[in-house]
Amino acid sequence: MGVLTRPVFILLSTTTHCSMVALIRNNMSRYNEKKISYAHQERLMDMLCDTLCQLKSRRVMKNFLKDLLNRQERIMLVRRLLIAEMLVDGFTYKEIIKRLHCGFPTIARVERWLHFGRGGYQIAIRSKTGR
41 MGVLTRPVFI LLSTTTHCSM VALIRNNMSR YNEKKISYAH QERLMDMLCD
91 TLCQLKSRRV MKNFLKDLLN RQERIMLVRR LLIAEMLVDG FTYKEIIKRL
141 HCGFPTIARV ERWLHFGRGG YQIAIRSKTG R
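For the sequence shown, counting from 1, position 45 maps to 85 in my numbering; every step adds exactly one.
Here it is as structure tokens:
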């Protein structure tokens, strides 16, 4: 377990590290969102966000994400961002499907998050493109 969690916790304080390892051991042998309280899910998300914010360069971030995510997970994240950008640019579902080889449900889900989510896609697109 220590080998798998080390990249995620490396930038955290020892106290935070110990409490998060205990939290994961007690709640995540197999992920089931119904067995992990919303408060614990939020603490785990905060931990990940804190770790990401501490990474100082593109190279370090890229290496971290390559360690954390497998190739398919990385591609899916980038694809969702591309879908959001294309939707903002006015592309149709049909055009997006043809260019990105993704499914209708994926585009619909991204569009729903784009319009009714917490604004993360808009912020990411604006910071990337300056729009």
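For each residue, glycine too, the CB sits at the ideal point set by N, CA and C.
Nearest to residue i (by Cα), restricted to the options the options
i	options	result
Cys142	Arg120, Arg158 and Cys89	Arg120
Assigned secondary structure, residue i (DSSP; H/G/I helix, E/B strand, else coil)
i	result
Leu105	helix
His80	helix
Leu95	coil
Arg158	coil
Cys89	helix
Phe131	coil
Lys75	coil
Sub-7 Å separation of residue i and residue j beta-carbons
i	j	result
Ile123	Tyr133	no
Leu117	Glu151	no
Leu95	Met101	yes
Glu135	Ile165	no
Close Cβ partners of residue i (< 8 Å) along its chain, the five nearest in sequence each way excluded
i	result
Phe156	none
Beta-carbon contacts of residue i that lie in its chain and below 7 Å, excluding the five residues immediately before and after
i	result
Trp153	Tyr161
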